[in-house]
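Asker: This is the structure I have questions about; it appears just below.
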Amino acid sequence: MIENRRPKPEELPTMEGPICPIPLPHGETIVMGHGSGGKMMNDLIRKTFLPPLDNPALRAGDDAGVVQANSCTQLAISTDCHVVAPLFFPGGDIGHLAVCGTVNDVAMLGATPQYLTAGFILEEGLEIATLERVVKSMQAAAEEAGVQIVAGDTKVVQRGKADGLYITTAGVGTIIPGVEVGGAYAKPGDVVILSGPIGDHGIAVLGARGELGFESDIQSDCAPLNHLIAAMLEASDQIHVLRDPTRGGVASALNEISQQSGV
């Protein structure tokens, strides 16, 4: 027997999850899918941010923007916002993630990361000991990467207006002379090489939230990759694209590269 009734509100599909497959018309509001690193986020950038801010560096769509500092020096500049819950997870924390994320984004353009800035949104009630632990983790990651955090800013919001702590980092580095890598340089027949297993970071965070439904000893593989990248570029001149697949994973990164290069 088929029951003919109007579904209850709790039975309707939610649009607040990380993936929203239905294109939203102009005038709609931001949903969680806009931050997933997939097609919705790409559409948001392309339709909302790029038209008013358009310039060649931004239009390239890489992990960092490339600018000409002078006749012989190019700089890679990147910025990244970091939100994660919980703040500490197996293999890392929000501070370690903030440094590594921006260092890696700069390195993906064939640059040597040198300097970072950091901005902190602190929620009222955050324990000072927690903040100190995060900052020490940032310093340790910066030392591992060989960069300095040279400027910063802090803002405090009312209790309940943030998830404890948000961090924004920006980074700059000089592009290695003669190196030219980016999404637009992919070529047919290029081999995709991964530096490690897929999904460890996501599983570690989900496990820390208790959302896996089973126990796992997997740890986040979040790490600064600039030294590895420098060694790779020194060993081969056939590297066309470098990418740090974070939100959206490897599949989204490959789709982005395909769009950038037309391959």
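Numbered as in my numbering, the sequence shown ends at 901 without a single skipped number.
We treat Cβ as the ideally placed atom computed from N, Cα and C, and that holds for glycine.
Only a predicted model underlies this, so the values are computations on that prediction, with no experimental measurement involved.
1. Identify which residue in 685, 681, 900 has its Cα closest to the Cα of residue 827.
2. Among the residues of its own chain, which have a CB less than 7 Å from the CB of residue 706, if the five just before and after it don't count?
3. Give me whichever residues DSSP pairs with residue 720 in a beta bridge.
4. Smallest Cα separation from residue 824: which of 892, 882, 692, 717?
5. If you compare alpha carbons, which of 806, 898, 818 is closest to residue 790?
6. For residue 918, which residues of its own chain have a beta-carbon under 7 Å away from its beta-carbon, when the five flanking residues on both sides are left out?
7. Is the distance from the Cβ of residue 881 to the Cβ of residue 701 below 9 Å?
8. Could you tell me whether the segment 775–792 touches the segment 667–675, using the rule of 3 or more Cβ pairs below 8 Å?
9. Pick out whichever of 750, 809, 876, 754 has its Cα sitting closest to the Cα of residue 829.
10. Could you tell me which residues DSSP pairs with residue 713 in its beta bridges?
11. With a Cβ-Cβ cutoff of 9 Å, do residue 766 and residue 804 count as a contact?
12. Tell me whether the segment 809–825 and the segment 685–694 touch, counting them as touching only if at least three CB pairs, one residue from each stretch, are closer than 8 Å.
13. With 16 other CB atoms within 10 Å as the buried threshold, where does residue 853 fall?
14. Among the candidates 802, 717, 684, whose CA atom is the shortest distance from the CA of residue 905?
15. Please tell me whether residue 864 and residue 755 are closer than 9 Å, where the distance is taken between their beta carbons.
16. Using DSSP with H/G/I as helix, E/B as strand and the rest coil, what is residue 659?
17. Do you know offhand how far residue 884's Cα is from residue 820's?
18. Three-state secondary structure (DSSP) at residue 855?
19. Apart from the five residues just before and just after residue 808, which ones in its own chain have a Cβ nearer than 6 Å to its Cβ?
Answerer: The relevant details are as follows:
1. 900
2. 712
3. 805
4. 892
5. 806
6. Because the chain spans 639 through 901 in this model, residue 918 falls outside it and cannot be assessed.
7. yes
8. no
9. 876
10. 705, 812
11. no
12. no
13. exposed
14. No answer is possible for residue 905: the residues shown for the chain start at 639 and end at 901.
15. no
16. Its pLDDT being 49, under 50, residue 659 is placed unreliably in this model, and the coordinates cannot settle the point.
17. 16 Å
18. coil
19. 717, 755
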